[in-house]
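Protein sequences, first through last, are from chains A and B.
Each residue of the first sequence is one higher than the last, beginning at 37 in the numbering used here.
Each residue of the second sequence is one higher than the last, beginning at 37 in the numbering used here.
No residue lacks a Cβ here, since even glycine has one placed at the ideal position from N, Cα and C.
Please read these numbers as outputs of a predicted model, since none were measured by experiment.
As structure tokens, the structure follows; a few thoughts come after it.
Protein chains: 2
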Amino acid sequence: MAFLPKFDAGGLVTCVTTDAATGDVLMVAHMNDEALRRTVATGEAWYFSRSRNALWRKGESSGQTQRVIEMRTDCDQDAVWLRVEQTGAACHTGRRSCFYRRVERTEADGGARLVFVDADRLFDPDAVYRK
Amino acid sequence: MAFLPKFDAGGLVTCVTTDAATGDVLMVAHMNDEALRRTVATGEAWYFSRSRNALWRKGESSGQTQRVIEMRTDCDQDAVWLRVEQTGAACHTGRRSCFYRRVERTEADGGARLVFVDADRLFDPDAVYRK
Numbered sequence: 037m038a039f040l041p042k043f044d045a046g047g048l049v050t051c052v053t054t055d056a057a058t059g060d061v062l063m064v065a066h067m068n069d070e071a072l073r074r075t076v077a078t079g080e081a082w083y084f085s086r087s088r089n090a091l092w093r094k095g096e097s098s099g100q101t102q103r104v105i106e107m108r109t110d111c112d113q114d115a116v117w118l119r120v121e122q123t124g125a126a127c128h129t130g131r132r133s134c135f136y137r138r139v140e141r142t143e144a145d146g147g148a149r150l151v152f153v154d155a156d157r158l159f160d161p162d163a164v165y166r167k
Numbered sequence: 037m038a039f040l041p042k043f044d045a046g047g048l049v050t051c052v053t054t055d056a057a058t059g060d061v062l063m064v065a066h067m068n069d070e071a072l073r074r075t076v077a078t079g080e081a082w083y084f085s086r087s088r089n090a091l092w093r094k095g096e097s098s099g100q101t102q103r104v105i106e107m108r109t110d111c112d113q114d115a116v117w118l119r120v121e122q123t124g125a126a127c128h129t130g131r132r133s134c135f136y137r138r139v140e141r142t143e144a145d146g147g148a149r150l151v152f153v154d155a156d157r158l159f160d161p162d163a164v165y166r167k
């Protein structure tokens, strides 16, 4: 069966990347056709940055690369799921996962606040990205 | 800390929903402000369907509801991660997860095919949705 990704108007699919060992969601990002091809071809995660409008190999600045254990696609082929071995931390803030804050209900109507969880920094982003 | 979701031009954030027991990604969908509020308020997953342009309680047609164990948001608050207890199957095709096909490399340049994995149907969609 052919892999026929269904790109959105911007030429992108959504990518969910999880830690192959724990199942934790590390990040949500986007891929264009070239990022998909390079990821499949090399076994390393490549993404497309909407803010920088550029193809991007995960870890090319930070060294925090992702080795792909498995790639899957969903029922309508507009999303992919990468199970990876993450070197260090996935988040640009230095946390293991971008999802380091829990949404907790504060009001019966659905009002909520954020609570930090698993939020230790594994690297110092100022040092790593030399900002 | 306030939860300040960063909605896209269509008023949506991306939602990744995983099985709280296994860590498997069940589905990727979208939420608008009202879907977020109802999910937080009720502890059941609500989404916004772009194709139907409608708010949607997961399982309202199929009975395959999702009880939220935890909700998190990511570093830029444009995505949420739901860990859920899934009743039956998450996918409209009757599979447990929408991600029932693996992307496998067939060519060195990144060409790929799809291989079915974990693709048993837990319900018959024709019967459940009465199409």
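How should residue 151(A) be labelled, buried or exposed, when 16 other C-beta atoms within 10 angstroms of its C-beta is the threshold for buried?
Residue 151(A) comes out exposed.
Give every residue of the same chain whose Cβ lies closer than 6 Å to the Cβ of residue 100(A), excluding the five residues on either side of it in the sequence, and list them in chain order.
Hits under 6 Å: 123, 124, 125.
Between the Cα of residue 42(A) and the Cα atoms of 67(A), 132(A), 160(A), 93(A), which residue gives the shortest distance?
Comparing Cα-Cα distances from residue 42(A) to each of 67(A), 132(A), 160(A), 93(A), the minimum goes to 67(A).
Whole-angstrom Cβ separation of residue 79(A) and residue 60(B), contact assumed at under 8 Å?
Their Cβ separation, rounded to whole angstroms, is 21 Å, which puts residue 79(A) and residue 60(B) out of contact at 8 Å.
So the candidates are 64(B), 65(B), 63(B), 93(B); which of them puts its Cα closest to the Cα of residue 75(B)?
Looking at the Cα atoms, 93(B) is the closest of the given residues.
Are any of the Cβ atoms in chain A nearer than 8 Å to that of residue 14(B)?
Only positions 37 to 167 of chain B appear in this structure, which leaves residue 14(B) out of reach.
In whole angstroms, give me the CA-to-CA distance for residue 72(B) and residue 154(B).
In a straight line, the C-alpha of residue 72(B) is about 30 Å away from that of residue 154(B).
Output the distance between the C-alpha atoms of residue 37(A) and residue 148(B), rounded to the nearest integer angstrom.
Cα to Cα, residue 37(A) sits roughly 9 Å from residue 148(B).
Helix, strand or coil for residue 170(A) per DSSP?
In the structure as shown, chain A starts at 37 and stops at 167, and residue 170(A) therefore has no counterpart that could be examined.
Verify whether the separation of the beta carbon atoms of residue 50(B) and residue 81(B) is less than 8 Å.
No.
For residue 137(A), which residues of its own chain have a beta-carbon under 6 Å away from its beta-carbon, when the five flanking residues on both sides are left out?
Within the same chain, residue 137(A) has close Cβ partners 150, 152.
Taking only beta-carbon atoms, is residue 60(B) less than 8 Å away from chain A?
It does; some Cβ of chain A falls within 8 Å.
Label residue 45(A) either buried or exposed according to how many other C-beta atoms from any shown protein chain fall within 10 Å of its C-beta, with 16 as the threshold for buried.
Exposed, by the Cβ-count rule.
In the region 92–112 of chain B, which residues sit with their C-beta less than 9 Å from some C-beta in chain A, listed in chain order?
Listed by position, the residues of the region 92–112 of chain B near chain A (Cβ gap below 9 Å) are 106, 107, 108, 109, 110, 111, 112.
Excluding the 5 residues preceding and the 5 following residue 98(B) in the sequence, name in chain order all residues of the same chain whose CB lies nearer than 6 Å to its CB.
Cβ neighbours of residue 98(B) beyond the five flanking positions: 164.
Pick helix, strand or coil for residue 58(A), following the three-state DSSP scheme.
Coil.
Which same chain residues end up closer than 7 Å to residue 119(B) when comparing Cβ atoms and leaving out the 5 residues on each side of it in sequence?
Counting only Cβ-Cβ distances below 7 Å, and skipping sequence neighbours, we find 54, 56, 105, 106.
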